[in-house]
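Please read the structure below before turning to the comments.
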Amino acid sequence: MSDSPSAPPTPTSARRTVALTFALQGRATRTELASYILSAVLITLAVSFATALFAPYPVRALVSDGLTVLLAIPVPALLVRRLHDQGRTGKLVWLAVFSFAVWLVRVIVSYTTAMDIRIGLDRMIWPVDWLVILANLGAVILAILPGTAGPNRFGPDPRQRSA
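Okay, so the sequence shown: first residue is 1 according to this note's numbering, each after it adds one.
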């Protein structure tokens, strides 16, 4: 998944992603995306393990959902820059935002209402789940496609800077 055999995902790439949380200009490599995903997974595993040892389930669920929201904050800008690397418009990021919004609505309903209301919501909007699956699949495919070589309308090739 990296852009070159000599460029494995690094914590520096994940730090760059966090530093550019709201930056919608420029380009991001597959390495930067992979680095952020790997870092997020490792953080999630560490927090999940720690809360599993010391916290009851309701606290673990709340911490897990809160961490998911926190780690998702930089993702839209990262995906916009990833799309820019391919010469595509960043508007396609709405595929991922749609999926996250559906998940977030379900979480909010779960925390603020009775379980039977959440079950009723799931029964009512289940067709949306198919759209979420398709949107996620489209977002993943777009994220892993290679970027354009050399500069494009969104900026210089980020792989050339590191070479």
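Don't be surprised by glycine CBs; every beta carbon is placed ideally from N, CA and C.
Check, Outcome
"Can you tell me whether Gly147 is helix, strand or coil according to DSSP?", "coil"
"What's the call for Pro74, buried or exposed, on a 16-neighbour Cβ count within 10 Å?", "buried"
"Between the alpha carbons of Ile133 and Thr148, how many angstroms are there, rounded?", "27 Å"
"Whole angstroms are fine: how far does the CA of Leu62 sit from the CA of Trp103?", "14 Å"
"Are the CB atoms of Asp85 and Thr44 within a distance shorter than 8 Å?", "no"
"Return the first residue and the last residue of the alpha helix (DSSP H) that Ala101 is part of.", "Trp94 to Thr112"
"From Met1 to Ala34, what does the alpha carbon distance come to, in whole angstroms?", "Model confidence at Met1 stands at a pLDDT of 46, short of 50, so the residue's coordinates are unreliable and nothing is read from them."
"For Arg15, I'd like the list of residues in its chain whose CB is within less than 7 Å of its CB, leaving aside the five on either flank, ordered along the chain.", "none"
"Pull up the distance between the alpha-carbon of Phe154 and that of Phe22, whole angstroms please.", "16 Å"
"Measuring only the C-alpha atoms, how far is Thr51 from Ala77?", "29 Å"
"Using a Cβ-Cβ cutoff of less than 6 Å, which residues in the same chain neighbour Asp116 once the five nearest sequence positions on both sides are dropped?", "none"
"For the stretch 136-144 against the stretch 57-71, are there 3 or more C-beta pairs whose distance is under 8 Å?", "no"
"Which residue's Cα is closest to the Cα of Asp65: Leu95, Val105 and Glu32?", "Val105"
"For Leu95 versus Ala135, is the C-beta spacing smaller than 8 Å?", "yes"
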